[in-house]
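Novice:
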Amino acid sequence: MNGGKKSTSIREKILEHELVPKHVLLTKEEALKVLRELGVRPEQLPWIRASDPIARLLGAKPGDIIRVERRSATAGVSVAYRFVVVG
Amino acid sequence: MSKSEKVIKGVKFGILSSEMIRKMSVTAIVTPEVYDENGIPIEGGVMDPRLGVIEPGQRCATCGNTLAQCPGHFGHLELAKPVIHIGFVRHIYMLLKATCRSCNRVKVTEEDVARYRSLYRRLKDRWPQLANSLVEFVRQKASKALECPHCGARQFKVKLEKPATFIEEGGRGKLYPDVIKQWLSNIPSSDLEVLGLDPEVARPEWMIINVLPVPPIAVRPSIVLETGMRAEDDLTHKLVDIIRANEKLKEALNSGAPEIIVEDLWELLQYHVMTYIDNELPGVPVAKRRSGMPLKTLAQRLKGKEGRFRGNLSGKRVDFSARTVISPDPNLDINEVGVPYEVAMTLTVPEYVTPWNIDKMREYVLNGPYKWPGANYVVDPSGRRLDLRYVKDLKALAESLKPGYTVERHLVDGDVALFNRQPSLHRMSIMAHRVRVLPGKTFRLHLAVCPPYNADFDGDEMNLHAPQTVEARAEAEELLLVEKQILSPRYGGPIIGGIQDYISGGYLLTLKSTLLTKEQVSDLLATIDYSGEIPEPAVLSPVEAWTGKQIFSLLLPEDFNFIGETKLSSGSLKCTSEECFWDTLLIVKKGKVLAGVVDKTVIGSQQPKSLMHYLITEKGVGRGAEFMNKAFKLFLRYIEMVGFTMTLDDIKPERGALERAGKVIKSSYGEVDKLIDMYRAGQLEPVPGRTLSETLEIRILDVLARARDESGATVIEYMGLANPVYVMARTGARGSNLNITQMSAVLGQQSVRGERIWRGYMGRVLPHYKPGDLSPEARGFIASSFYRGLSPLEVFFHAAGGREGLVDTAVRTSQSGYMQRRLINALQDLYVEYDMSVRSSYGELVQFRYGEDAVDPRKTAFGKAVDVDRIIVKNVGWRMSL
Ligand SMILES: [Mg+2]
Ligand SMILES: [Zn+2]
Ligand SMILES: [Zn+2]
């Protein structure tokens with residue numbers, strides 16, 4: 001790890017950036033609940049790559065589900081889910 | 001008819017093998033001759049009778065059916081040497097690169113093949129995209145191997161020479177199709193799977209053609225010209241070419257001709273088979289007819305706008321439709337469409353005869369096909385159709401009519417029909433109207449429905465469709481009727497509303513100074529079929545008089561409140577309180593107009609949060625449509641009473657105004673000169689991110705634009721408040737202050753690509769100027785107005801700017817049309833689920849809540865689901881803050 005510390009700090013700053021919405025990695029129970037409520041198979045959710053900086057930062061593995069809470073011009077806050085895929 | 005019903009579970013595409021082609025063939029095609037000297041098709045030629053019936057009355061030599069029943073039958077042609085199918089060149093190239101030249105296995109170790117195969121099988125159904133990237137990875141890995149992991153043979157690089165020649169560099173040189181076919185047929189099926197092929201339906205050796213299917217004649221019918229000459233289809237021509245080339249090659253092979261000759265003939269066969277499949281291949285000479293027209297071969301039949309997919313499958317032509325020029329009719333309802341008798345007597349609606357309508361139906365039948373309202377056909381209970389044109393005794397037929405018959409009657413008043421104008425860009429481009437059959441040859445529509453169709457009457461044509469079933473008519477009336485489309489889903493507000501004279505008329509009627517006599521009031525109220533009480537006159541002596549506001553108020557519901565600034569409320573005429581002198585704040589309390597006038601912001605189309613918008617959302621679309629019908633007729637009647645027009649004198653600038661405007665322009669010229677001097681002296685401060693000369697241009701444009709606006713404002717200032725041109729601009733009926741400026745003050749800067757015009761001669765646009773002249777008039781500033789007229793040089797600049805405008809619109813429409821097409825293709829199957837999420841037809845989630853807030857924009861006020869201000873005004877009658 002050359003200059004590991006520096007790169008980590010830059011990476012962590014992604015979370016603080018105002019244009020990056022809040023991402024939360026769901027537990028297995030939470031994920032199952034979400035899927036049941038939405039009535040979908042996991043791959044029917046929008047996808048996010050495991051290599052996506054935010055997914056890496058959360059330590060998300062393929063098969064996980066991430067909740068995204070973003071500010072919305074119409075609804076105030078809107079909640080979306082992403083299914084983590086290989087890549 | 002069918003003995004057992006089958007359900008289609010899926011469709012799978014594959015490649016035909018040589019055996020399949022031979023098996024489905026009814027005859028081998030062996031000769032390039034088509035007809036004998038008597039014009040009879042030759043057996044074994046491309047028009048062999050066994051390929052299907054051509055002429056009506058004949059029976060098929062293969063299946064024994066007549067023309068209508070015979071599906072046509074394939075033949076086949078054995079090629080002397082195999083050729084490459086041009087559609088599979090890329091697949092063949094990939095396979096040649098990824099497999100061994102000697103043992104023909106995929107160049108990946110045995111263990112890897114097994115591993116990839118099991119992975120691929122697991123991925124295929126659930127993760128098709130991942131399966132594809134796995135295949136891509138295997139292909140690349142295999143192509144990179146320099147040595148075969150199975151037999152150890154050294155590999156050579158295979159090169160593709162477009163369009164269809166493969167070269168093994170350093171190895172065998174040119175790979176001939178027969179060699180390739182041998183190679184491909186040696187690849188084990190188990191290896192093909194990891195390369196992304198399904199060997200069950202697509203063995204790679206089938207990509208090399210050695211038997212060519214010859215399509216049935218039904219696919220390529222010949223046309224008999226008026227001269228009696230036979231014109232063959234392009235495909236037939238091409239097939240004959242192929243057979244000729246094949247014959248020559250066969251002869252050369254049999255006679256042991258030199259290799260070069262054989263190779264040449266083989267190439268020729270390859271060319272013909274290639275262009276038979278696709279005649280627009282890059283780098284391949286196009287096969288042409290004798291007239292020089294390129295042949296339309298297989299790919300050309302499918303491709304493009306007129307092709308099988310876009311032209312025939314996605315786009316369909318329909319019956320029960322009509323098309324003609326449109327024209328306006330202010331006497332119709334907004335829900336109506338005027339239909340010419342001629343159209344009404346051609347379009348029919350099937351009506352089932354019942355005891356309740358039998359008298360009416362008898363009347364229709366009695367009138368027959370040539371008298372409106374009549375009928376064109378009668379269908380009896382057994383399904384037999386009677387064409388009334390050929391029925392001798394209509395009276396007898398009418399009397400024999402019984403419940404159970406169906407009468408295909410003419411279109412009559414009150415029928416619903418779908419009305420459409422292209423380009424159909426949004427849902428309001430097709431709306432249902434109630435039919436009014438009228439004399440004349442044009443479709444007539446109410447002017448208020450022009451905006452949703454984007455129609456005008458400079459020659460526009462529109463289409464009319466007559467729905468044929470009760471269900472279709474009910475659906476059209478409930479969902480597509482004009483009044484149900486008043487509110488646009490694009491933004492919260494009505495898209496249908498007042499335009500042009502409706503607005504001018506509304507303004508003139510509701511002016512403070514408008515006083516109407518009893519006769520005038522009666523006239524106005526009669527035009528809208530008013531039957532209530534006439535209100536108390538506002539003025540009692542010397543004669544009784546009513547205000548326009550009083551009359552307009554009669555159209556408003558009695559519990560309706562509204563407060564809003566009108567378009568006129570700006571500048572010195574701005575009104576913000578109830579006690580304002582200028583009368584530009586519209587105040588409606590309990591259905592009475594207390595103050596203010598009616599203009600675009602009150603009754604205009606595409607005006608959210610207007611009086612009309614709230615009237616519609618709160619009282620319903622039916623009430624809204626009724627309001628429009630009545631108000632617009634009222635306004636038009638009033639404008640007819642007082643007269644409203646414009647003349648040249650109305651845009652003639654006052655002398656004083658013109659002098660002041662001229663001074664403004666002159667001083668701006670001075671300013672520009674100063675800027676140019678500063679620029680030449682290098683004293684100009686550049687705008688950040690711009691060069692010095694760009695800065696100069698920006699500053700000059702800015703100075704001149706301000707000068708134009710100022711001189712325009714000066715001229716407008718001098719215009720009387722009653723000037724009709726100014727009235728139209730102020731109320732929003734037509735035109736803007738900029739239009740008035742250009743007509744009576746200055747035309748202003750003409751531009752091309754957003755810059756002052758500079759192209760032309762070296763350093764100058766026209767030889768009338770000195771090179772390097774940067775002054776306003778040398779670069780397209782027009783100080784004349786349309787009223788004064790343009791000098792020849794000004795005309796030139798104006799034309800240059802005008803041309804750009806025309807080109808822009810042409811380019812924009814084609815580009816946005818293509819974007820629209822792609823968007824529709826991408827979005828057409830999305831729907832809102834009951835849980836308010838947006839999903840695709842595969843159940844994929846697209847939006848978790850529609851628009852994130854699950855709000856229907858049609859039910860909002862300008863996008864806001866709840867409009868607190870309006871709730872207060874609606875109930876209290878007054879807004880707290882303005
Ligand atoms: Mg037009
Ligand atoms: Zn047949
Ligand atoms: Zn090998």
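These protein sequence lines are chains R and A, in that order.
First residue of the first sequence? That's 1 in this note's numbering, and the numbers climb one at a time after it.
First residue of the second sequence? That's 1 in this note's numbering, and the numbers climb one at a time after it.
The beta carbon of each residue, even a glycine, is placed where N, CA and C say it ideally should be.
(1) Under 7 Å Cβ-Cβ, which residues of chain R neighbour residue 851 (chain A)?
(2) Tell me the rounded alpha-carbon separation between residue 310 (chain A) and residue 304 (chain A).
(3) Considering residue 560 (chain A), what are the terminal residues of the beta strand (DSSP E) in which it resides?
(4) My guess is that residue 631 (chain A) and residue 334 (chain A) are in contact by the Cβ rule of under 8 Å, so how many angstroms apart are they, rounded?
(5) Using the three-state DSSP reduction, which class does residue 880 (chain A) fall into: helix, strand or coil?
(6) Starting from residue 19 (chain A), follow the alpha helix (DSSP H) in both directions and report where the run begins and ends.
(7) Would you say residue 15 (chain R) lies against chain A (beta-carbon separation less than 8 Å)?
(8) Which class does residue 470 (chain A) belong to by DSSP, given the choice of helix, strand or coil?
(9) Evaluate residue 474 (chain A) with the Cβ neighbour count: other Cβ atoms within 10 Å of its Cβ, from every protein chain shown; 16 or more gives buried, anything less gives exposed.
(10) With distances taken from CA atoms, which of A:381, A:397, A:768, A:124 is nearest residue 404 (chain A)?
(11) Nearest CA to the CA of residue 72 (chain R): which residue from A:850, A:860, A:842?
(12) Under a Cβ-count criterion, where at least 16 other Cβ atoms within 10 Å of its own Cβ denotes burial, should residue 880 (chain A) be classed as buried or exposed?
(13) Can a CB atom of chain A be found closer than 8 Å to the CB of residue 18 (chain R)?
(14) Check whether the segment 835-848 of chain A and the segment 29-40 of chain R are in contact - that is, three or more C-beta pairs closer than 8 Å.
(15) Using a Cβ-Cβ cut-off of 8 Å, state whether residue 843 (chain A) counts as contacting chain R.
(16) Please confirm whether residue 365 (chain A) and residue 332 (chain A) have their CB atoms less than 8 Å apart.
(17) So which residues of chain R does residue 855 (chain A) contact, with C-beta pairs closer than 9 Å?
(18) Let me check understanding here. Comparing Cα to Cα, which of A:421, A:729, A:378, A:417 lies closest to residue 402 (chain A)?
(19) Across which residues does DSSP place residue 327 (chain A) in a beta bridge pair?
(20) Helix, strand or coil, according to DSSP, for residue 237 (chain A) in the structure here?
(21) Determine, for residue 45 (chain R), whether the minimum Cβ-Cβ distance to residues of chain A falls below 8 Å.
(22) At 4 residues or longer, and completely inside the segment 84-118 of chain A: list those alpha helix (DSSP H) runs for me, N to C.
(23) Let me check you understand the geometry: is the CB of residue 456 (chain A) closer than 7 Å to at least one non-hydrogen atom of ligand 1?
(24) Sorry if obvious, but does the Cβ on residue 62 (chain A) come closer than 7 Å to a heavy atom of ligand 2?
(25) Within a Cβ cutoff of 7 Å, which residues of the same chain sit near residue 197 (chain A), ignoring the five residues on either side of it in sequence?
(26) Under 8 Å between C-beta atoms, does residue 126 (chain A) make it to chain R?
(27) Flag this pair as yes or no: are the beta carbons of residue 853 (chain A) and residue 75 (chain R) separated by less than 8 Å?
(28) Could you compute how far the alpha carbon of residue 698 (chain A) sits from the alpha carbon of residue 657 (chain A)?
(29) Over the uninterrupted alpha helix (DSSP H) stretch that includes residue 764 (chain A), give me the two end residues.
(30) Measure the C-alpha to C-alpha separation of residue 282 (chain A) and residue 163 (chain A) and round it to an integer number of angstroms.
(31) Closest to residue 412 (chain A) by CA distance: which of A:351, A:820, A:214 is it?
(32) Residues of chain A with CB under 7 Å from residue 80 (chain R), in chain order?
(33) Just how far apart, CA to CA, sit residue 179 (chain A) and residue 308 (chain A)?
(34) Closest by CA to residue 11 (chain A), which one among A:126, A:107, A:426, A:201?
(35) Check the C-beta distance from residue 511 (chain A) over to residue 548 (chain A) and give it rounded, since I have them as a contact under 8 Å.
(36) For residue 7 (chain A), is the classification buried or exposed, using 16 other Cβ atoms within 10 angstroms of its Cβ as the cut-off for buried?
Specialist: Here's the rundown:
(1) 74
(2) 7 Å
(3) Taken as a continuous stretch (DSSP letters only), residue 560 (chain A) belongs to no beta strand (DSSP E), as it is neither H nor E.
(4) Wrong, their Cβ atoms sit about 11 Å apart, outside the cutoff.
(5) Reliability fails at residue 880 (chain A), whose pLDDT of 49 lies under 50, so the model's placement of it is uncertain and no value is given.
(6) 18-24
(7) no
(8) helix
(9) exposed
(10) The shortest Cα separation from residue 404 (chain A) among A:381, A:397, A:768, A:124 belongs to A:381.
(11) With distances taken between Cα atoms, residue 72 (chain R) lies closest to A:850.
(12) Because residue 880 (chain A) carries a pLDDT of 49, less than 50, the predicted location of this residue cannot be relied on, and no value is offered for it.
(13) For residue 18 (chain R), the answer is no, since every Cβ of chain A falls outside 8 Å of its Cβ.
(14) yes
(15) yes
(16) no
(17) For residue 855 (chain A), the C-beta contacts it makes with chain R under 9 Å involve 74, 75, in order along the chain.
(18) A:378
(19) A:444
(20) helix
(21) yes
(22) 89-98
(23) yes
(24) Judged by the Cβ position, residue 62 (chain A) qualifies as a neighbour of ligand 2 at the 7 Å threshold, a heavy atom of the ligand being closer than this.
(25) 204
(26) Under the 8 Å criterion on CB atoms, residue 126 (chain A) is classed as interfacial with respect to chain R.
(27) The Cβ atoms of residue 853 (chain A) and residue 75 (chain R) lie closer than 8 Å to each other.
(28) 28 Å
(29) Taken as a continuous stretch (DSSP letters only), residue 764 (chain A) belongs to no alpha helix (DSSP H), as it is neither H nor E.
(30) 7 Å
(31) A:351
(32) 848
(33) If you draw a straight line from the Cα of residue 179 (chain A) to the Cα of residue 308 (chain A), it is about 36 Å long.
(34) A:201
(35) 6 Å
(36) exposed
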